[in-house]
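My numbering puts the first residue of the sequence shown at 96, with every later residue one more than the last. Ideal Cβ positions, reconstructed from N, Cα and C, are used throughout, including at glycine. Since we're looking at a predicted model, the values are computed, not measured.
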Amino acid sequence: MKNLYLLLILAITLGCTQSNEEKLKHISGYWEIASIENLNGQVKEFSMSQNIDFFEVNADGKGVRKKVQPNVVGEFTTSQSSENINVVYKDDLLLLEYATPMDTWQEIVKKATTDELVLINEDGLIYTYRKYTPLALD
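Written out as structure tokens, the structure is:
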């Protein structure tokens, strides 16, 4: 919980002009990890990923997150596990609360546009996603 408060301070300090409502309308969709940045500023870049994160958030703030794998014909294989999502507004921040039978945790939505999703987890790791685009095999 202490880490969450530090993250809240970090997110507020970083500032953001995008409204929470604007962020929320861009979360649903297929997202591919682009990079992960740690607290020391070290960044791990990903040119492509075998796993795609699928987010679906409804107007009532409830939703789901699943790992999926695309195949060559444009379909997805879905993992058996999923994480329930509850959208929470706290101190001008947009939080995604996740729940599974084994755990619960939160991530701050720092940015969400049509092309990019940036989440900060409770340990301060910054996950940057790009909108998933299927490979063109023409």
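Opening and closing residue of the beta strand (DSSP E) in which residue i lies
i	result
residue 132	124–132
residue 140	138–140
residue 216	211–216
residue 148	147–152
residue 178	171–185
residue 165	157–165
residue 199	199–207
residue 227	It is not in any beta strand (DSSP E) - residue 227 carries neither H nor E in the DSSP assignment.
residue 191	188–194
CB contact flag (residue i, residue j, <7 Å)
i	j	result
residue 151	residue 159	yes
residue 212	residue 115	no
residue 224	residue 126	yes
Residue closest to residue i, alpha-carbon to alpha-carbon, out of the options
i	options	result
residue 132	214, 185 and 199	214
residue 118	219, 135, 156 and 164	156
residue 153	166, 180, 144 and 164	180
residue 207	226, 219 and 146	226
residue 134	228, 220, 229 and 194	220
residue 229	185, 144, 194 and 139	144
residue 74	163, 136, 187 and 139	Residue 74 is absent from the structure shown; the chain starts at 96 and stops at 233.
Same chain, Cβ closer than 8 Å to residue i, five either side skipped, listed in chain order
i	result
residue 161	148, 149, 173, 174, 176, 177 and 178
residue 166	172
residue 192	180, 181, 182, 183, 199, 200 and 201
residue 138	130, 131 and 132
residue 209	121 and 226
Rounded distance between the beta-carbons of residue j and residue i, thought under 8 Å
i	j	result
residue 204	residue 122	7 Å
Residues near residue i by beta carbon distance below 7 Å, same chain, minus five either side
i	result
residue 141	128, 129 and 130
residue 108	Bear in mind that the predicted position of residue 108 carries a pLDDT of just 47, short of 50, making it unreliable; the figure below should be weighed with that in mind. Same-chain partners within the cutoff: there are none.
Same chain, Cβ closer than 6 Å to residue i, neighbours up to 5 away in sequence not counted
i	result
residue 112	none
residue 194	179
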